[in-house]
Each structure stands twice: as C-alpha cells, then as structure tokens.
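Student: Residue numbers (the working numbering): 46 to 433. Note that beta-carbon positions come from the ideal geometry of N, C-alpha and C, so glycine has one too. I am attaching a structure below and will ask some questions about it afterwards.
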Ligand code: HMG
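So, in structure tokens, the structure goes:
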C-alpha cells in the first residue's frame, strides 16, 4: 500500500505589490528583484485575512470533494500563529464543518513544519489506511520596512490531503534529516516581524541541504540521477537555483545549466508572483510543477528539500501517480492569481500597517478580502470569523 498526497489546493490574497514599485521607491534597479532574487510580485494579506481564513480558503475545495466527515485529523502548520494556546486549526475545523470527532493540532518549526505534519500524517494513514488527514500550511511573511528581507515578503496557504493509494504523489518512507541550533531567522513572541541574518541564512540553507541529502542517500537506494524534478523551500526563487546547482555539484552530476534549470523551473511560477509563504511555499512549488509542467510526470521521481530556519531540514522523495493531471485545481488557481489587484506603494503601506487591536474593545474589521472566509471582528480579545 502506498501513502501520500491525494489532492492539493492553495490560496493567496487578492492584493499584491509589484516589486518594480518597491524598487522605484527605493531608487534601485528593479532587476535586483526580478533577476537577482527571482521575485516579481508579493501577495499582501487584506486586513480581514489571516492564517485561519487563508487556510480555510485553501482547504475548502478538498473538503467539498471528499466530504467533511471523511477527515479524521487536521494538522495546521504555521509560524504566524494567532494565539499562543488555541490551535488556529480549531477555527478552521468550524469554518469547514469538520466532524466533532476530528483531531486538531498546530505545529511550528519555521518553514519546515508543513513537512513534519505531512510525514506524521503519512504515519497515521499507514497505521489506519481508511483514514484521511488534512494538512494545512498557512503563513504571512513579514519583515521590517527598508530591510533586505522586505522584498521577500508574501502570504499564502496550501491544503494537502494525505491518504492511502493517493492520486497525486506517493511519498517514500526514507528521509534525510538535519538539525542545528542556529540564529539565521527568528521572531520573538513580542514581535510581528521576523529578524534575519540574511546572507548567513542562505549559507545555512545550503549547508543543511548537503547534510540532509547525505543523510537521505544513506537511507535510500535513490541517487541524484533517479530524480526528474526537485522542489525546494522557496524563500525567493533564486534560492532554489542556488540550492540545485549546489546539489548537482556535490553529486558531480555533469548536467548542463539548462538541464539543471529544467529540473526546477516549473516549481517556481507561482512563488515568483506570490512571494514567501514560509511553510506553505514548497508545497505551492509542488502545485506549480504539477500544474505547469508540459511533460507528463506520471511515474517520475521528485526530490523535496524542506528547510525551516533555526534550523531543521529534511530531504525526501515521492513518485508522481499515473492520472495525476485529472485531480488538479489548475483553473481555480489560475483564476485566483489572474484576478488579483495590484496595489500602489501607499496602499501597500496601509496593508502592512493595518491596526491590530489589542485593547479588548469590539472592533469590526472592514470587508476587503475576496476570499470565502474572513475575520469580521476582534471583540473581547476574541477573533470572530465568518463565511461570506
Ligand atoms: P540583499 O543582501 O539585499 O541582496 O538581499 P544582494 O545584494 O545579495 O543581491 C541579491 C542578488 O541580486 C545577488 O545575486 C546580486 O548580485 C543580484 P547573487 O550574488 O546572490 O547571485 N543583483 C542584481 N541582479 C541583476 N540586476 C541587478 C542586481 N543587483 C543585485 N541590478 C537576502 C538578499 C537573501 C539577504 C535578502 O533577500 C533577505 O534577507 N531575505 C530574507 C532571508 C531569506 O530569505 N533567507 C533565505 C534562506 S533562510 C529560509 O529560507 C527560511 C525562511 O523562509 C524563514 C523560515 O524558515 O521560516 C526565510
């Protein structure tokens, strides 16, 4: 019996800032963003959107197809938690009408937590193959204004249904892990924006890739040349290029630059125009590959490198299932991305600085998102979510 990804769907906000606008305000060459970091646009969450509403929007099409009662566990991966105690997934559980006997938990380890959730979900399904586990990963990437991280902001959520005999990706049990206590990127509880040692973080990312890969090849019978495509964690799309060149060099793969690019380029389309969505980003990259690759991927091996600052990394592999193309949500994703609204620099600042009421009074949040779920009010320190 195989276990893995049966269905995948993502959501991002209806607002974006073009990085040319940011470059213009900063009086720098926009090619630094378009070419240098490989990013064109970044999604900005609406004031009535957060990780809960984004996650519910991402998961709704999956739940509608499979039926709310079929889901026995909901795992919510995020580093943009809305509460220090209550799991954000409990709100999503209600919004999606899941069964009251469904287990819900929140997981955190920077951008790695969705992968931890997926591996744990696979273990649950391997134990009881009739169960289906919904993993949602949802994040809003925020850095201080006028810092090197600013252009790598973004937001998004992805929902992944894990089942036996999956229709999209069979996940192999062998993995390679690497963990090291480092301060490359972190966000203390009292801050709403992350702190980052940018250049150092990219070095640690590459070191973790090498270490996780070495651990993986010790456990798996697969070698570099067995893979047709690779999905990397995508803080910005040039990072995947740097990572893949690094991995090809370690393996003395002898591939041309064009071949190296071909193995990753279709994973980058969506992230280039969404920005970093932290723990959701690698799985939005996988969706981009499945939905945009012209080649039939059935039977192909895909390598996954998941990295979460701090840091925990994992390399794992999967096989694309025959008939996968019939189970995708490509038209919905394309429409959502096409319908987004560009914002001016001032509008971007308003979205960035939108008030975060903390006084316990009742605050209605003006309606702004085009998503199906919204944060309607914060009242008595409680978040009030509604279905539109
Ligand atoms: P920077 O230091 O301002 O940029 O920001 P730079 O000066 O290094 O330039 C970037 C690239 O653009 C360079 O290319 C330049 O040459 C090029 P490279 O040397 O890298 O090949 N460039 C140009 N290209 C064309 N035309 C031009 C031009 N000008 C320059 N005119 C930095 C870069 C990564 C530091 C910044 O974006 C940052 O701090 N980002 C946030 C941290 C980050 O994303 N780290 C990635 C690894 S850590 C991670 O992935 C985890 C994370 O997702 C969090 C989590 O786990 O939760 C962040």
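Measuring CA to CA, which of 47, 46, 50 and 55 is closest to residue 380?
Tutor: Cα-wise, what sits closest to residue 380 is 55.
Student: Give me the DSSP bridge partner(s) of residue 156.
Tutor: According to DSSP, which records beta bridges pairwise, residue 156 is partnered with 154.
Student: Can you tell me whether DSSP reads residue 373 as helix, strand or coil?
Tutor: Residue 373 falls in the coil class under three-state DSSP.
Student: For the stretch 362-430, which segments carrying the beta strand (DSSP E) assignment without a break, of at least 3 residues, lie completely within its bounds, in sequence order?
Tutor: For the stretch 362-430, whole beta strand (DSSP E) runs of length 3 or above, ordered along the chain, are 418-424.
Student: Looking only at its chain, what residues have a beta carbon closer than 6 Å to the beta carbon of residue 407, apart from the 5 residues adjacent to it on each side?
Tutor: The residues are 424.
Student: Under the rule that 16 or more other beta-carbon atoms within 10 Å means buried, what is residue 166, buried or exposed?
Tutor: The residue in question, residue 166, is buried, as its Cβ has 16 or more Cβ neighbours within 10 Å.
Student: List the DSSP bridge partners of residue 319.
Tutor: Answer is none; residue 319 lacks a bridge partner.
Student: Residue 317 and residue 237: beta carbons closer than 9 Å?
Tutor: The answer is no: Cβ separation not under 9 Å.
Student: Does the beta-carbon distance from residue 434 to residue 253 come in below 9 Å?
Tutor: For the chain, the structure presents residues 46 to 433; residue 434 sits outside this window and is missing.
Student: Quick one: is residue 302 buried, meaning 16 or more other Cβ sit within 10 Å of its Cβ, or exposed?
Tutor: Exposed, because fewer than 16 other Cβ atoms sit within 10 Å of the Cβ of residue 302.
Student: Find the nearest neighbour of residue 264 within the set 222, 289, 255 and 432, judged by alpha-carbon distance.
Tutor: Checking every option, the nearest Cα to that of residue 264 belongs to 222.
Student: Just the Cα atoms here: how many angstroms apart are residue 64 and residue 74?
Tutor: Cα to Cα, the separation comes out at about 10 Å.
Student: Using a threshold of 9 Å, state whether the C-beta atoms of residue 57 and residue 199 are closer than that.
Tutor: Contact flag set, yes.
Student: Starting from residue 118 and walking both ways along the beta strand (DSSP E), at which residues does that stretch end?
Tutor: 116-122 is the span of the beta strand (DSSP E), which, as asked, contains residue 118.
Student: Kindly indicate which residue of 309, 395 and 283 has the alpha-carbon position closest to the one of residue 247.
Tutor: It is 283.
Student: If we ignore side chains and look at the alpha-carbon of each, how far apart do residue 190 and residue 89 end up?
Tutor: Cα-Cα distance, rounded: 14 Å.
Student: For residue 368, collect the residues of the same chain with a Cβ closer than 6 Å to its Cβ; drop the 5 residues on either side in sequence, then sort them by chain order.
Tutor: Around residue 368: no qualifying Cβ.
Student: Kindly list the residues whose CB is nearer than 6 Å to the CB of residue 256, restricted to its own chain and excluding five residues on each side of it in sequence; keep chain order.
Tutor: Answer for residue 256: 223, listed in chain order.
Student: Return helix, strand or coil for residue 209, following the three-state DSSP convention.
Tutor: If DSSP states are grouped into helix, strand and coil, residue 209 belongs with the strands.
Student: Going by beta-carbon coordinates alone, are residue 346 and residue 272 separated by less than 9 Å?
Tutor: Yes, the Cβ-Cβ distance between residue 346 and residue 272 is below 9 Å.
Student: Tell me whether residue 69, by its Cβ, gets closer than 8 Å to a heavy atom of the ligand HMG.
Tutor: No, the ligand HMG has no heavy atom inside 8 Å of this Cβ.
Student: Tell me, which residues are paired with residue 231 by DSSP?
Tutor: 240, per the DSSP bridge assignment.
Student: Let me have the residue list for the ligand HMG: C-beta closer than 5 Å to any non-hydrogen atom, ordered along the chain.
Tutor: In chain order, the qualifying residues are 74, 76, 77, 80, 81, 155, 156, 193, 194, 197, 230, 241, 243, 246, 247, 250, 280, 323, 353 and 354.
Student: Looking at C-alpha atoms only, which residue of 141, 116 and 151 is the closest neighbour of residue 132?
Tutor: Residue 132 has its Cα closest to that of 151, out of 141, 116 and 151.
Student: Compute every distance between the C-beta of residue 278 and the non-hydrogen atoms of the ligand COA, then say whether any falls below 8 Å.
Tutor: The ligand COA is absent from the structure shown, which contains only the ligand HMG.
Student: Comparing alpha-carbon positions, which option in 268, 79 and 141 lies nearest residue 102?
Tutor: Answer by Cα proximity: 141.
Student: With 16 as the cutoff for other CB atoms within 10 Å, does residue 405 come out buried or exposed?
Tutor: Exposed, since its Cβ has fewer than 16 Cβ neighbours within 10 Å.
Student: Out of 385, 214, 46 and 99, which one is the CA nearest neighbour of residue 276?
Tutor: Comparing Cα positions, the closest option is 214.
Student: Can you name, in chain order, every residue of its own chain whose Cβ lies under 6 Å from the Cβ of residue 155, other than the five neighbours on each side?
Tutor: Hits under 6 Å: 124, 353, 354 and 355.
Student: Once the 5 residues before and after residue 336 are set aside, which same chain residues still bring their CB inside 7 Å of it?
Tutor: Counting only Cβ-Cβ distances below 7 Å, and skipping sequence neighbours, we find 373, 375 and 378.
Student: Whose C-beta lies closer than 6 Å to the C-beta of residue 450 among residues of the same chain, with five residues either side of it excluded?
Tutor: In the structure as shown, the chain begins at 46 and stops at 433. Residue 450 is therefore absent and cannot be evaluated.
Student: Can you give me the C-alpha to C-alpha distance between residue 149 and residue 209, rounded to a whole angstrom?
Tutor: If I take the Cα positions, the gap works out to 20 Å.
Student: Would you mind listing the alpha helix (DSSP H) stretches within the stretch 52-77 that are 4+ residues and don't spill past its ends, in chain order?
Tutor: DSSP runs (the alpha helix (DSSP H)) wholly in the stretch 52-77: 64-71.
Student: With the cut-off set at 9 Å, would you say residue 202 and residue 100 are in Cβ contact?
Tutor: Yes, these two residues count as a Cβ contact at 9 Å.
Student: Could you tell me which residues DSSP pairs with residue 357 in its beta bridges?
Tutor: DSSP lists 224 and 353 as partners of residue 357.
Student: Excluding the 5 residues flanking residue 233 on each side, which residues of the same chain have their C-beta closer than 8 Å to its C-beta?
Tutor: So the list reads 240, once near-sequence residues are dropped.
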